[in-house]
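Engineer: Chains as they are written, first to last, in this note's numbering: chain P, 2 to 165; chain R, 805 to 860.
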Amino acid sequence: MHDDEAALVARAAGGDRRAFAVLVARHQGRLRHFLARVVGTHAADDAAQDAFVKAWLALGRYRGEAGFGAWLAGIGWRAALDLRRRAGETAWHAERDEVAEGPGAARVELERALAAPTETERAALVLTHGHGWSHSETAAILGLPLGTLKSLDAADTHQSEMAA
Amino acid sequence: MIDHDDPFDALLAEALSPPARVPDTGFTARIGTAITEAERSAPGAAARCAGSGARR
Numbered sequence: 002m003h004d005d006e007a008a009l010v011a012r013a014a015g016g017d018r019r020a021f022a023v024l025v026a027r028h029q030g031r032l033r034h035f036l037a038r039v040v041g042t043h044a045a046d047d048a049a050q051d052a053f054v055k056a057w058l059a060l061g062r063y064r065g066e067a068g069f070g071a072w073l074a075g076i077g078w079r080a081a082l083d084l085r086r087r088a089g090e091t092a093w094h095a096e097r098d099e100v101a102e103g104p105g106a107a108r109v110e111l112e113r114a115l116a117a118p119t120e121t122e123r124a125a126l127v128l129t130h131g132h133g134w135s136h137s138e139t140a141a142i143l144g145l146p147l148g149t150l151k152s153l154d155a156a157d158t159h160q161s162e163m164a165a
Numbered sequence: 805m806i807d808h809d810d811p812f813d814a815l816l817a818e819a820l821s822p823p824a825r826v827p828d829t830g831f832t833a834r835i836g837t838a839i840t841e842a843e844r845s846a847p848g849a850a851a852r853c854a855g856s857g858a859r860r
C-alpha cells in the first residue's frame, strides 16, 4: 500500500473526487485483471465500474480494517456476481484466447486448466497466486471461511498442476 | 503457503499476475461519469458522507 493511501481515502471519504480519481487510477489495473480472470474481459469492466461507484458511495462507512485494495476487491467480486446473475450468464469467456498463444505447451495447458473451475475457485487462485493476497485476506475478499478458502486453493492448485 | 521457488507455483503466479500497465485515463474518466450519474439518480447518494461527519 502506498504511504499516502490512507490520506487519499480520507479525502475521498470527505467528498474529494480528485482524490478518488487517484485511487481509481491506482487500483483499476489489478481490479480489472482480477475480474477479467473471473468473469471475462467485457463483463469485468462493467463490474469494475459498479465496484468503484459502490466504493465511492460507501466510503463514509469504510473503517480501514482491510486495506483499501482488499476492500475494493471484495466489492468488485460481489459486483461481478450480481452482474452475472442479472445477465443470466453461465459461461466464462475470459482472456484464454490471448494467453493461449503464449509460449510453451505447459502454459497453454495451464490456461485450459484455469478455465475449468468455478468462479469462486478461479477467484481464489487469482487472488492468492497472482495478486499475492494471503489466504485470510482472500477469504475476507470472497466472503468465505478461511478453512473453505484453503481447501479450495489446495484442490485448484492440485488440479492445475496435474493439467500443466 | 505459496512457494515461488517451486516451478509450478512460479508458473501459476506468472500466469495469474496482473500485467504492469499505465493507468487507463479513459476508464478513470468513465468512473467519474458513472459517479456523477449515480449521485444524480439516487437522491440519498450525494449525502453519503453525512453520517460520517465528512465534508461535501
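Virtual Cβ for every residue (Gly too), placed ideally from N, Cα, C.
Rounded to the nearest angstrom, how far is the Cβ of Leu128 (chain P) from that of Phe35 (chain P), given a contact under 8 Å?
Structural biologist: As a position in the first sequence, residue 128 (chain P) is number 127, starting the count at 1. As a position in the first sequence, residue 35 (chain P) is number 34, starting the count at 1. Leu128 (chain P) to Phe35 (chain P), Cβ: 7 Å. Contact.
Engineer: Report the three-state DSSP secondary structure of Thr246 (chain P) (helix, strand or coil).
Structural biologist: Past the edges of chain P, shown from 2 to 165, lies residue 246 (chain P), and the structure says nothing about it.
Engineer: Under 8 Å, Cβ to Cβ, is there at least one residue of chain P near Arg844 (chain R)?
Structural biologist: The count along the second sequence starts at 1 and reaches residue 844 (chain R) at position 40. Output row for Arg844 (chain R): interface = no.
Engineer: By a C-beta neighbour count over all protein chains shown, 10 Å radius and 16 as the cutoff for buried, is Val826 (chain R) buried or exposed?
Structural biologist: The count along the second sequence starts at 1 and reaches residue 826 (chain R) at position 22. The residue is exposed, with fewer than 16 neighbouring Cβ atoms inside 10 Å.
Engineer: If you reduce the DSSP assignment to three classes, tell me which class Leu145 (chain P) lands in.
Structural biologist: Working through the first sequence from its first residue, we reach residue 145 (chain P) at position 144. Leu145 (chain P): coil per DSSP, three-state reduction.
Engineer: Does chain R have any CB closer than 8 Å to the CB of His132 (chain P)?
Structural biologist: What you label residue 132 (chain P) is simply residue 131 of the first sequence in a count that begins at 1. True, the Cβ-Cβ gap to chain R drops below 8 Å.
Engineer: Among P:Ala37, P:Gly15, P:Leu111, P:Asp17, which one has its Cα closest to the Cα of Ala80 (chain P)?
Structural biologist: Along the first sequence, read from residue 1 onward, the residue named residue 80 (chain P) stands at position 79. Ala80 (chain P) has its Cα closest to that of P:Ala37, out of P:Ala37, P:Gly15, P:Leu111, P:Asp17.
Engineer: For Glu112 (chain P), go through chain R and note every residue whose CB falls closer than 9 Å to its CB, in chain order.
Structural biologist: One-based indexing of the first sequence puts residue 112 (chain P) at position 111. The answer, in chain order, is Ala819.
Engineer: Answer yes if the region 149-159 of chain P comes into contact with the region 11-27 of chain P, meaning at least three C-beta pairs across the two stretches below 8 Å, and no otherwise.
Structural biologist: As far as the Cβ criterion goes, the region 11-27 of chain P does not touch the region 149-159 of chain P, which means the pair count is below three.
Engineer: Rounded to a whole number of angstroms, what is the C-alpha to C-alpha distance between Gly15 (chain P) and Leu150 (chain P)?
Structural biologist: Numbered from 1 along the first sequence, position 14 holds the residue referred to as residue 15 (chain P). Numbered from 1 along the first sequence, position 149 holds the residue referred to as residue 150 (chain P). Near 35 Å, if we compare the C-alpha coordinates of Leu150 (chain P) and Gly15 (chain P).
Engineer: Would you mind telling me which residues of chain P sit closer than 9 Å to Gly836 (chain R), beta carbon to beta carbon, in chain order?
Structural biologist: As a working note, residue 836 (chain R) is residue 32 in the second sequence. Within chain P, the residues near Gly836 (chain R) are Arg18, Phe21, Ala22, Val25.
Engineer: Quick check: is the beta carbon of Trp72 (chain P) nearer than 8 Å to any beta carbon in chain R?
Structural biologist: Along the first sequence, read from residue 1 onward, the residue named residue 72 (chain P) stands at position 71. No, Trp72 (chain P) lies away from the interface with chain R (no Cβ there is under 8 Å from its Cβ).
Engineer: Using a 10 Å radius around the Cβ and a threshold of 16 neighbouring Cβ atoms, would you call Asp83 (chain P) buried or exposed?
Structural biologist: Working through the first sequence from its first residue, we reach residue 83 (chain P) at position 82. Counting Cβ neighbours within 10 Å, Asp83 (chain P) comes out exposed, since fewer than 16 surround it.
Engineer: For a contact defined as C-beta to C-beta under 9 Å, what are the partners of Arg31 (chain P) on chain R?
Structural biologist: Counting from 1 along the first sequence, the entry for residue 31 (chain P) is found at position 30. Those within 9 Å of Arg31 (chain P) in chain R are Pro822.
Engineer: Quick one: using the 10 Å Cβ neighbour count with 16 as the cut-off for buried, is His43 (chain P) buried or exposed?
Structural biologist: In the first sequence, counting from the first residue as 1, residue 43 (chain P) sits at position 42. His43 (chain P) is exposed by the Cβ-count criterion.
Engineer: Thinking C-beta only, is Ala838 (chain R) closer than 8 Å to Val23 (chain P)?
Structural biologist: As a working note, residue 23 (chain P) is residue 22 in the first sequence. As a working note, residue 838 (chain R) is residue 34 in the second sequence. No; because the gap between Cβ atoms is not below 8 Å, this pair is not in contact.
Engineer: If we define contact as Cβ-Cβ less than 8 Å, is His34 (chain P) a contact residue for chain R?
Structural biologist: As a position in the first sequence, residue 34 (chain P) is number 33, starting the count at 1. True, the Cβ-Cβ gap to chain R drops below 8 Å.
Engineer: So what's His43 (chain P) in DSSP terms, helix, strand or just coil?
Structural biologist: Along the first sequence, one-based indexing puts residue 43 (chain P) at 42. Reduced to three states, the DSSP call for His43 (chain P) is helix.
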